[in-house]
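>
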Amino acid sequence: MAKPRPKFYVVWRGHTTGVYADWAEASRQVAGFPRAKFKSFASREVAEAAFRGDYADHVGKGALPTRRSVDALTALGVDPDAVAVDAACSGVPGPMEYRGVNIATGETLFQNGPFEDGTNNVGEFLALVHALALLARQGRHDVVIYTDSLTALSWVRARQCRTKLKPTEKNVRIFELVNRAVAWLRANPPANPLRKWETDQWGEIPADYGRK
């Protein structure tokens, strides 16, 4: 079996900036550091050149892992015992589905859909409320819930679904779920910690459908 090619890690913003040949050392520089900026490169020469430049010139250009390991996420400050939620939608509107997973085990805790004539924002909102309701039933109010959707977070905190999606014959079920979710939020103030998943630092959220 061929040996994996070495990678070099640039830390532009962290506890100690620089170029690192070891991920364990690099991860210590960014773990717990607010808005850390880092990325991996295939060679030291490219990494050193990138370090002399700006992070903005390199972000989003392919070196960040699509999905990080649980150990790597933990080193970066992610709570491994948390629940991650996400949604997927093909078109606007289009078939929409959502789910929640346990970060530590990768177990799917719930999954709903696809539903016709939905949107991604509505799916993210429903996923977040579903996770809150599930954990409330289990009495697990200390479990963190991650979502990569600022829109869903704002809707849940407002206890409203501010979608512009129009009702159709096909999305009746979606609006039933939305109305039920809003009613639940108004009767049950969210107790679990809700956190934004930082995709640019941590890679794709574990509940991601991988269709980007």
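Residue 0 is where the sequence shown starts when you use numbering that gives the first Met the number 0, and the numbers rise one by one after that.
Positions of the beta carbon are idealized from the N, C-alpha and C atoms, including for glycine.
Predicted, not measured: the structure shown is a model, and the values here were computed from it.
Going by beta-carbon coordinates alone, are Arg12 and Arg34 separated by less than 8 Å?
Contact flag set, yes.
> Quick one: using the 10 Å Cβ neighbour count with 16 as the cut-off for buried, is Gly61 buried or exposed?
The predicted model places Gly61 with a pLDDT of 49, which falls under 50 and marks its position as unreliable, so this point remains unresolved.
> Could you give the C-beta distance for Asp147 and Ile102, rounded to a whole number, given that I count them as a contact under 8 Å?
In fact, because the Cβ distance is near 13 Å, the residues do not count as touching under 8 Å.
> Just reading off the alpha helix (DSSP H) that Asn119 is part of, what are its end residues?
Its alpha helix (DSSP H) spans residues Asn119 to Arg136.
> Does Ala48 come out as helix, strand or coil in the three-state DSSP assignment?
Here Ala48 sits in helix by DSSP.
> Let me know if Arg212 comes out buried or exposed under the rule of 16 or more other beta-carbons within 10 Å of its beta-carbon.
Outside the shown range of the chain (0 to 211) lies residue 212, about which nothing can therefore be said.
> Please state whether DSSP places Ala74 in a helix, a strand or coil.
Correct three-state label for Ala74: helix.
> Please give me, in chain order, every unbroken run of the alpha helix (DSSP H) with length at least 4 that falls completely inside the stretch 128-186.
With a minimum length of 4 residues, the continuous alpha helix (DSSP H) runs that stay inside the stretch 128-186 are 149-157 and 171-186.
> Rounded to whole angstroms, what's the CA-CA distance from Pro79 to Val69? Just pull it up for me.
In a straight line, the C-alpha of Pro79 is about 7 Å away from that of Val69.
> Taking the alpha helix (DSSP H) that Arg27 belongs to, which residues open and close that run?
Residues Trp22 to Val29.
> Between the stretch 111-122 and the stretch 87-95, do three or more beta carbon pairs fall short of 8 Å?
Yes: at least three Cβ pairs fall under 8 Å.
> Using the C-alpha atoms, what's the distance from Thr107 back to Leu149?
When rounded, the distance between both Cα atoms is 22 Å.
> Out of Ile144, Lys169, Ala87 and Ala180, state which residue places its alpha-carbon closest to the alpha-carbon of Leu125.
With distances taken between Cα atoms, Leu125 lies closest to Ala180.
> Of the choices Arg139, Ala41, Val29 and Phe37, whose alpha-carbon is the least far from that of Ala74?
Closest option to Ala74, Cα to Cα, is Val29.
> Relative to the alpha-carbon of Tyr213, which residue among Gly122, Ile144 and Val10 has its alpha-carbon at the smallest distance?
Residue 213 cannot be examined here, being either before or after the span of the chain that is shown, 0 to 211.
> Does Asp199 come out as helix, strand or coil in the three-state DSSP assignment?
Residue state, collapsed to three classes: helix.
> Pop quiz: Val121 and Thr162 are said to be a contact at Cβ under 8 Å. What is the actual Cβ separation, rounded to whole angstroms?
Indeed, because the Cβ distance is near 5 Å, the residues count as touching under 8 Å.
> Pop quiz: Arg194 and Val155 are said to be a contact at Cβ under 8 Å. What is the actual Cβ separation, rounded to whole angstroms?
Actually they do not touch by this definition, with Cβ atoms about 12 Å apart.
> What does the Cβ neighbour count give for His140, buried or exposed, with the cut at 16 atoms within 10 Å?
Its Cβ having fewer than 16 others within 10 Å, His140 is exposed.
> For the beta strand (DSSP E) that Arg12 lies in, which residues bound it at each end?
Arg12 -> beta strand (DSSP E) spans Phe7 to Arg12.
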